[in-house]
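Only one structure is covered here, and it is reproduced in the block below.
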Amino acid sequence: MKKQDLLKGSVILMLSAAAAKVLGAVFKLPLTNMLGGVGMSCFSCAYTIFMPVYAVTASGISSAAARMTARYAALGLYGDALRVRRMALAVFSAAGLAGSGLILMLAVPFSRWSCGSNEAAPAIMMIAPAVLLGCVTAAERGYYEGMSNMYPTAFSQTAEGIVRAGAGLALCGYTVSHGRELLEVLPWVSDVRSVAAAAGILGVTLGSAGGVLFFAVLRLLPSCVPECSGGLHASRRETASELVRTSLPTGLSALVTNLTGIVDMCTIIGSVTVPVLSALPAGVSPEDYPRFVYGSFAGIALTVFNLVPGITNMLGKGALPAVTGAWTSGDRKTLEESTSQALVTAALIAVPCAAGLGVLSGQVLTLLFPGRAAEAELCVNALRLLMPGMLCLCLSFPLFSMLQAVGKPFAPLWIMLAGTAVKLCGNLLLVPSMGADGAAVSTSVCYAVILSLAVYIYLSCTGVRLRLRELGAVLYSGAVCAGSAWLAADISCRSGAGIILQILLSAVIGGTVYIAALWLSVGKRLIKTTGSRKAAC
322 MKKQDLLKGS VILMLSAAAA KVLGAVFKLP LTNMLGGVGM SCFSCAYTIF
372 MPVYAVTASG ISSAAARMTA RYAALGLYGD ALRVRRMALA VFSAAGLAGS
422 GLILMLAVPF SRWSCGSNEA APAIMMIAPA VLLGCVTAAE RGYYEGMSNM
472 YPTAFSQTAE GIVRAGAGLA LCGYTVSHGR ELLEVLPWVS DVRSVAAAAG
522 ILGVTLGSAG GVLFFAVLRL LPSCVPECSG GLHASRRETA SELVRTSLPT
572 GLSALVTNLT GIVDMCTIIG SVTVPVLSAL PAGVSPEDYP RFVYGSFAGI
622 ALTVFNLVPG ITNMLGKGAL PAVTGAWTSG DRKTLEESTS QALVTAALIA
672 VPCAAGLGVL SGQVLTLLFP GRAAEAELCV NALRLLMPGM LCLCLSFPLF
722 SMLQAVGKPF APLWIMLAGT AVKLCGNLLL VPSMGADGAA VSTSVCYAVI
772 LSLAVYIYLS CTGVRLRLRE LGAVLYSGAV CAGSAWLAAD ISCRSGAGII
822 LQILLSAVIG GTVYIAALWL SVGKRLIKTT GSRKAAC
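Read in the working numbering, the sequence shown has 770 at position 449, and its numbers run on one by one without any break.
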């Protein structure tokens, strides 16, 4: 089986993640325009219960299976590597089935607790099967990633995104256009936006089914299945036990990560201050206003916020086999190179994105959500305040994967617990007076704490040295990029240019200045840091 080096594997995963994010935007942006703030609150409530269950059952599977597979492959134990795949499918399919059943049981109680009615229950029921389907795809992806073959992950993510966007938008659009007829056959639902949210979120489940179908077809193709040979050195029980032990810390860490969504839901819906009647957005009642704020923040600000971290998360997956191999063999030089490569590459992507979105938040949201002016206006400053947190999160994801690779699987859990505590305290203090802006500030502070702790623990554990000169140059270039983009946007706005032209001019000028500043400061060193190391099969 042909192996890919760290950078090549990371690039494959980042491109697939970028494609998935584009497809996600194709799905989420029109969906938000159709549902609005109140409808997105039902959609987001369903995700709020889905993500913690999915985190515990599925989030740790890929990295755990990849780590074990990479270790066995490095030792030439390909029979054990194949057993990891089989046991991961068996163990976590059972866990996924239990998770799906749990969500179905909690659909109505959770909807009443979170929204005060049954409006979110249909959406929760529609997303429940995605837990089981997600466990299957996560196990398959982990095996191939551990064998340093990132293509199956890339193609399966793309398949999921295509099915999710196509099915979700078609179903939601049909529901919105046939709302009265559907309400007649669903007498327990009083708001068509609730049914539309359920139809839209059904696309998520169908997308997961598309990922499972991709791997089913892949296994039928002999040329796509790696030839594995070698004796078995671990029993089924030992393999299953190690999978659970290795994946559980990551799953719990992901659970804690998703607790921030529950924190936002509870604190925004429960404590946001309702303005006077004359200040309410058109069509929003005082009773619906807390859900309007939460749906707008979760459906608009956080949707844009999560675009870039989803891409840089792939850097951690791409680095995991290389870091695992270097740590196992005691190769300190390779470990240091792999660490710097992952972090600098993440910064190269995240810094200009954070700078651009921070400067152009108003223009970007106006362009993306033309049919939801009130919701977009509510989120303009919140998105700007989220950008420092986005940068910290982008750098934290690779560190979490590398902490697991060097034998510290529980470290991300404790780090995320500390960050969630900061997030909860920040929301309780800031949301009553600042609303969505307060939730954004607490999110950025939360991820700054998380990044600081992750860096400290990783460096203490491994003893590696970070290449601070390159990271500092990226941050400096990002600041120059932000300034030039702001200046370009201001001048073009004063000249009467349209929003699209403002964004294009700012992006071109800011991007050019960013690249020039990088090249003048650390151009050759940066190429050396992010350059690929050729790996032989």
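In this text, a Cβ means the ideal position worked out from N, Cα and C, and glycines have one as well. Since the structure is predicted, the reported quantities are computational estimates derived from the model, not experimental observations.
Worksheet item: Among E563, T378, S568 and C363, which residue has its Cα nearest to the Cα of L453?
Response: Here residue 453 corresponds to residue number 132 of the sequence shown, with the count starting at 1. Selected option, being the one with the closest Cα: T378.
Worksheet item: In terms of residues, what are the limits of the alpha helix (DSSP H) holding E658?
Response: The sequence position of residue 658 within the sequence shown is 337, counting from 1. Looking at the DSSP string, the run of the alpha helix (DSSP H) that includes E658 is R653 to V680.
Worksheet item: What does a CB cutoff of less than 7 Å around S682 pick up in its chain, not counting 5 residues either side in sequence?
Response: The residue labelled residue 682 in the question sits at position 361 within the sequence shown. V701, L704 and R705.
Worksheet item: By a C-beta neighbour count over all protein chains shown, 10 Å radius and 16 as the cutoff for buried, is V843 buried or exposed?
Response: As a working mapping, residue 843 is identified with position 522 in the sequence shown. Buried, since its Cβ has 16 or more Cβ neighbours within 10 Å.
Worksheet item: Grouping DSSP H, G and I as helix and E and B as strand, with all else coil, what is N439?
Response: As a first step, residue 439 is located in the sequence shown; it is residue number 118 there, counting from the start. Three-state DSSP puts N439 in coil, outside helix and strand.
Worksheet item: According to DSSP, is M471 helix, strand or coil?
Response: Counted from its first residue, the sequence shown places residue 471 at position 150. Three-state DSSP puts M471 in coil, outside helix and strand.
Discussion item. As an exercise, report each continuous alpha helix (DSSP H) stretch of at least 4 residues that is fully enclosed by the segment 550-620, in chain order.
Written reply: 557-592 and 610-617
Item to complete: Alpha carbon to alpha carbon, how far is N748 from G759? Give it in angstroms, no decimals.
Response: Numbered from its first residue, the sequence shown carries residue 759 at position 438. Numbered from its first residue, the sequence shown carries residue 748 at position 427. Taking the straight line from one Cα to the other gives about 6 Å.
Worksheet item: With C-beta atoms as the reference, is C493 less than 9 Å away from G532?
Response: Counted from its first residue, the sequence shown places residue 493 at position 172. Counted from its first residue, the sequence shown places residue 532 at position 211. No.
Worksheet item: Cα separation between R788 and V680?
Response: As a position in the sequence shown, residue 788 is number 467, starting the count at 1. As a position in the sequence shown, residue 680 is number 359, starting the count at 1. Each residue's alpha carbon lies about 28 Å from the other.
Discussion item. In the DSSP assignment, the alpha helix (DSSP H) including S805 goes from what residue to what residue?
Written reply: Counting from one through the sequence shown, the residue named residue 805 turns up at place 484. Its alpha helix (DSSP H) spans residues L789 to R815.
Discussion item. If you reduce the DSSP assignment to three classes, tell me which class S511 lands in.
Written reply: Locating residue 511 in the sequence shown gives position 190, counting from the first residue. Coil at S511, not helix or strand.
Fill in: Distance CB(E563)-CB(M389) smaller than 9 Å
For the purposes of this step, residue 563 is taken as the residue at position 242 of the sequence shown. For the purposes of this step, residue 389 is taken as the residue at position 68 of the sequence shown. Yes, these two residues count as a Cβ contact at 9 Å.
Worksheet item: Which of helix, strand or coil does DSSP assign to F731?
Response: The residue you call residue 731 lines up with position 410 of the sequence shown. Here F731 sits in coil by DSSP.
Discussion item. Which residue marks the beginning of the alpha helix (DSSP H) containing S380, and which one marks its end?
Written reply: In the sequence shown, residue 380 corresponds to position 59, counting from 1. Here S380 belongs to no alpha helix (DSSP H), and DSSP marks it neither H nor E.
Worksheet item: Is the beta carbon of A441 less than 9 Å from the beta carbon of S511?
Response: Indexing the sequence shown from 1 puts residue 441 at position 120. Indexing the sequence shown from 1 puts residue 511 at position 190. No, the Cβ-Cβ distance between A441 and S511 is not below 9 Å.
Item to complete: Could you give the DSSP three-state label for F690: helix, strand or coil?
Response: By 1-based counting over the sequence shown, the position of residue 690 is 369. Coil, per DSSP.
Item to complete: Check V374 in the structure and name its three-state DSSP category.
Response: Indexing the sequence shown from 1 puts residue 374 at position 53. Looking at V374 - three-state DSSP - the assignment turns out to be helix.
Discussion item. Relative to the C-alpha of L714, which candidate in Y768, L628 and A518 has its C-alpha closest?
Written reply: Here residue 714 refers to the residue found at position 393 when the sequence shown is read from its first residue. Taking only the C-alpha atoms, the option nearest L714 is Y768.
Worksheet item: For V429, which three-state DSSP category applies?
Response: Walking along the sequence shown from the start, residue 429 turns up at place 108. Helix, per DSSP.
Item to complete: Alpha carbon to alpha carbon, how far is R462 from K855? Give it in angstroms, no decimals.
Response: The count along the sequence shown starts at 1 and reaches residue 855 at position 534. The count along the sequence shown starts at 1 and reaches residue 462 at position 141. Unreliable placement is indicated for K855, whose pLDDT of 39 sits below 50; the coordinate value is still reported in the next sentence. Distance between the alpha carbons of K855 and R462: 23 Å.
Worksheet item: Would V538 be called buried (16 or more neighbouring beta carbons within 10 Å of its own) or exposed?
Response: Numbered from its first residue, the sequence shown carries residue 538 at position 217. Exposed, because fewer than 16 other Cβ atoms sit within 10 Å of the Cβ of V538.
Worksheet entry | Local Cβ density within 10 Å of Q585, reported as buried at 16 or more and exposed below that | The residue you call residue 585 lines up with position 264 of the sequence shown. The identity of residue 585 in the sequence shown is Asp, whereas the question assumes Gln. Counting Cβ neighbours within 10 Å, D585 comes out buried, since at least 16 surround it.
Discussion item. With the cut-off set at 9 Å, would you say S574 and A460 are in Cβ contact?
Written reply: As a working mapping, residue 574 is identified with position 253 in the sequence shown. As a working mapping, residue 460 is identified with position 139 in the sequence shown. Not a contact, by the Cβ cut-off of 9 Å.
Worksheet entry | Residue environment, G833, which counts as buried when at least 16 other CB atoms sit within 10 Å | If you number the sequence shown from 1, residue 833 lands on position 512. Residue identity differs from the one stated: residue 833 is Thr in this sequence, not Gly. By the 10 Å Cβ count, T833 comes out exposed.
Item to complete: Using beta-carbon positions only, say whether A517 and G677 come within less than 9 Å of one another.
Response: Within the sequence shown, residue 517 is the residue found at index 196, counting from 1. Within the sequence shown, residue 677 is the residue found at index 356, counting from 1. Cβ distance not < 9 Å, so A517 and G677 don't count as in contact.
Fill in: Cβ-Cβ distance between K744 and I778 below 9 Å
The count along the sequence shown starts at 1 and reaches residue 744 at position 423. The count along the sequence shown starts at 1 and reaches residue 778 at position 457. No; because the gap between Cβ atoms is not below 9 Å, this pair is not in contact.
Item to complete: Compare the C-alpha of S650 against each of S469, L796 and A395 and name the closest.
Response: As a first step, residue 650 must be located in the sequence shown, where it is residue number 329. Closest by alpha carbon: A395.
Worksheet item: If you draw a straight line from the alpha carbon of Q478 to that of L344, how long is it in whole angstroms?
Response: Here residue 478 corresponds to residue number 157 of the sequence shown, with the count starting at 1. Here residue 344 corresponds to residue number 23 of the sequence shown, with the count starting at 1. Computed Cα separation, rounded: 10 Å.
Discussion item. On the CB-based measure, 16 or more other CB atoms within 10 Å of its CB, does G417 come out buried or exposed?
Written reply: As a working note, residue 417 is residue 96 in the sequence shown. Buried, since its Cβ has 16 or more Cβ neighbours within 10 Å.
Discussion item. Distance check for A675 and C366, CA to CA, integer angstroms please.
Written reply: In the sequence shown, counting from the first residue as 1, residue 366 sits at position 45. In the sequence shown, counting from the first residue as 1, residue 675 sits at position 354. So the two alpha carbons sit approximately 27 Å from each other.
Practice prompt. Report the rounded CA-to-CA distance for G489 versus V347, giving the unit in angstroms.
Written response: Numbered from 1 along the sequence shown, position 168 holds the residue referred to as residue 489. Numbered from 1 along the sequence shown, position 26 holds the residue referred to as residue 347. The straight-line gap from Cα to Cα measures roughly 10 Å.
Item to complete: Take I621 and list the residues in its own chain whose beta-carbon comes closer than 7 Å to its own, dropping the five residues that flank it on each side.
Response: As a position in the sequence shown, residue 621 is number 300, starting the count at 1. Within the same chain, I621 has close Cβ partners T353, L686, F690, E696, A697 and C700.
Worksheet item: In its own chain, which residues sit with a C-beta less than 8 Å from the C-beta of D652, not counting the 5 before and 5 after it?
Response: Stepping through the sequence shown from its first residue, residue 652 is reached at position 331. Closer than 8 Å at Cβ, skipping near neighbours: G646.
Worksheet entry | G532 (DSSP reduced to helix, strand or coil) | Taking the sequence shown and counting its residues from 1, one reaches residue 532 at position 211. Three-state result, G532: helix.
Worksheet entry | DSSP three-state assignment for P719, whether helix, strand or coil | Counted from its first residue, the sequence shown places residue 719 at position 398. P719: helix per DSSP, three-state reduction.
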